[in-house]
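Peer 1: Using this note's numbering, read the sequence shown as starting at 2 and increasing by one per residue.
Idealized CB from N, CA, C, for every residue including glycine.
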Amino acid sequence: MTYEGEFRVGDVLSVACPFTETVVESGVARDELSLRWPWWSIDTDSDLFHWNGVVALDAGSMDAPAENSSELFRTEPPPHRLRAGDLCRVGVPPTLVHVTSVDRHDPPLETGWLSRPTLTVTVLRQGVSYREYPDGSHLDGFGYALHPGDGTPFTFELLMRPYAFLRAGDEVADAAGRAWLFRGPWDWHAFDGGPPGPGPAWPLVLLTRSTLPRSAQEAEGEAVATGTATGSHEDTVRRWTSLTGASPKP
Numbered sequence: 002m003t004y005e006g007e008f009r010v011g012d013v014l015s016v017a018c019p020f021t022e023t024v025v026e027s028g029v030a031r032d033e034l035s036l037r038w039p040w041w042s043i044d045t046d047s048d049l050f051h052w053n054g055v056v057a058l059d060a061g062s063m064d065a066p067a068e069n070s071s072e073l074f075r076t077e078p079p080p081h082r083l084r085a086g087d088l089c090r091v092g093v094p095p096t097l098v099h100v101t102s103v104d105r106h107d108p109p110l111e112t113g114w115l116s117r118p119t120l121t122v123t124v125l126r127q128g129v130s131y132r133e134y135p136d137g138s139h140l141d142g143f144g145y146a147l148h149p150g151d152g153t154p155f156t157f158e159l160l161m162r163p164y165a166f167l168r169a170g171d172e173v174a175d176a177a178g179r180a181w182l183f184r185g186p187w188d189w190h191a192f193d194g195g196p197p198g199p200g201p202a203w204p205l206v207l208l209t210r211s212t213l214p215r216s217a218q219e220a221e222g223e224a225v226a227t228g229t230a231t232g233s234h235e236d237t238v239r240r241w242t243s244l245t246g247a248s249p250k251p
C-alpha cells in the first residue's frame, strides 16, 4: 500500500522508485556515476543555481556493506559496467529505511530543478544508525535526503510509527507518577528534572495537547490510554530496533 500521509522522525518505511531509462553522462570517476536525470526539469527561473540536468550518484556506496552505504538509487547494469553515452535504468528497489529528520520549506526550496521541493525527509538504510561527526566534517550523520513531491515517483509504505498516538509537544503522566514532555519517540523530557532512565512507564495519560481545545482532548486521551494499555516503552524500542537494525540514539 502506498503511503501518502505525513512523515515523522522515527517512522520505519519501505521506499521505492520505479526503474526508468536514461543516459550515462560520464562513467564512474572518483566513485561517482553521472546520469541525465529522467524526472526533473531545469528551473530556468532559479537565481541561485544553474542545474545542467545531470545527477551524480555515489557509485562506491552502491556496492558497499550496509554500514557504509548511503546511496538509495541503483542502476541496471551496475555502475562500474557503464560508460558515457550508455543507456541504463535508474531507480530504487524496495528499501527499508528509518526517518531521522523532517523539514518543510515555505517558500519551496530553490534547487535548480523543478518541481521545487516543499519537503525534505532524511532517512537511513536498514542497519545504519545516526552518528555524530566531528565539527567541520562535510557529513552530518542524518542520512540520505529525499524530497517527496519533487517529481521523483517515490512510493512509500509505512511499516511502523512509534508512538503514533502522540504528537510533539504533548504532555503526559506515566504509571510511575512522572510527568513528561514528548518531543519525539526517542526524545522525552521529564518535568521532575531527573534522568529519563528507561523512559516513561506505561500506561500513559494525556495531560495536555496544545494543538487541540480542551473539549477535543478526551478522545485523544483515550487513544493514548488504549495505545499504552499493554506493552512498554522498552517493547517499542525493541520492535523498532528489530525492524531497522539500528540504534534510536547516536
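According to DSSP, simplified to helix, strand and coil, what is alanine 60?
Peer 2: helix
Peer 1: Straight-line CA distance for glutamate 26 to glutamate 72?
Peer 2: 18 Å
Peer 1: At what residue ranges does the segment 188 to 239 contain a whole run of the beta strand (DSSP E), taking only runs of 3 or more?
Peer 2: Counting only runs of 3 or more, we get 188 to 191, 206 to 209.
Peer 1: Please report the Cβ distance between leucine 125 and serine 15, rounded to the nearest whole angstrom; I am assuming they are in contact, meaning their Cβ atoms lie under 8 Å.
Peer 2: That belief does not hold up - the Cβ atoms of leucine 125 and serine 15 are roughly 14 Å apart, past 8 Å.
Peer 1: Any idea what DSSP makes of valine 24, helix, strand or coil?
Peer 2: strand
Peer 1: Please say whether glutamate 33 and alanine 60 have beta carbons closer to each other than 7 Å?
Peer 2: yes
Peer 1: Can you tell me whether DSSP reads proline 154 as helix, strand or coil?
Peer 2: Reduced to three states, the DSSP call for proline 154 is coil.
Peer 1: Applying the criterion that 16 or more other CB atoms from any shown protein chain within 10 Å of the CB defines a buried residue, is glycine 92 buried or exposed?
Peer 2: buried
Peer 1: Taking the beta strand (DSSP E) that methionine 185 belongs to, which residues open and close that run?
Peer 2: Correcting the residue identity first, residue 185 is glycine in this sequence and not methionine. Looking at the DSSP string, the run of the beta strand (DSSP E) that includes glycine 185 is 180 to 185.
Peer 1: Looking only at its own chain, which residues have a Cβ that is under 8 Å from the Cβ of proline 199, when we skip the five neighbours before and after it?
Peer 2: Excluding five sequence positions before and after proline 199, the CB atoms of its chain that fall closer than 8 Å to its own CB belong to His234, Glu235, given in chain order.
Peer 1: In or out: arginine 117 buried (at least 16 other Cβ within 10 Å) or exposed?
Peer 2: buried
Peer 1: Is tryptophan 241 helix, strand or coil when you go by DSSP?
Peer 2: helix
Peer 1: Looking at the secondary structure, which residues open and close the beta strand (DSSP E) in which aspartate 104 lies?
Peer 2: In the DSSP assignment, aspartate 104 falls within the unbroken beta strand (DSSP E) covering 88 to 105.
Peer 1: Quick one: what does DSSP say serine 130 is sitting in, helix, strand or coil?
Peer 2: Serine 130: coil per DSSP, three-state reduction.
Peer 1: Check for me: the beta strand (DSSP E) holding alanine 174 runs from which residue to which?
Peer 2: 172 to 174 is the extent of the beta strand (DSSP E) around alanine 174.
Peer 1: What's the C-alpha gap between histidine 51 and glycine 228?
Peer 2: For histidine 51 and glycine 228, the distance between alpha carbons rounds to 49 Å.
Peer 1: Tell me whether glycine 11 is buried or exposed, calling it buried when 16 or more other Cβ atoms sit within 10 Å of its Cβ.
Peer 2: Label assigned to glycine 11: buried.
Peer 1: What's the call for phenylalanine 192, buried or exposed, on a 16-neighbour Cβ count within 10 Å?
Peer 2: exposed
Peer 1: Give the DSSP-derived three-state secondary structure of arginine 82 in the structure shown.
Peer 2: helix
Peer 1: Tell me, please, which residues DSSP counts as bridged to leucine 29.
Peer 2: Looking at the sequence provided, one finds valine at residue 29 rather than leucine. Bridge partners of valine 29: none, in fact.
Peer 1: Span of the beta strand (DSSP E) holding arginine 75?
Peer 2: Counting along the chain, the beta strand (DSSP E) containing arginine 75 begins and ends at 75 to 77.
Peer 1: Starting from alanine 146, trace the beta strand (DSSP E) in both directions and tell me its first and last residue.
Peer 2: 145 to 147
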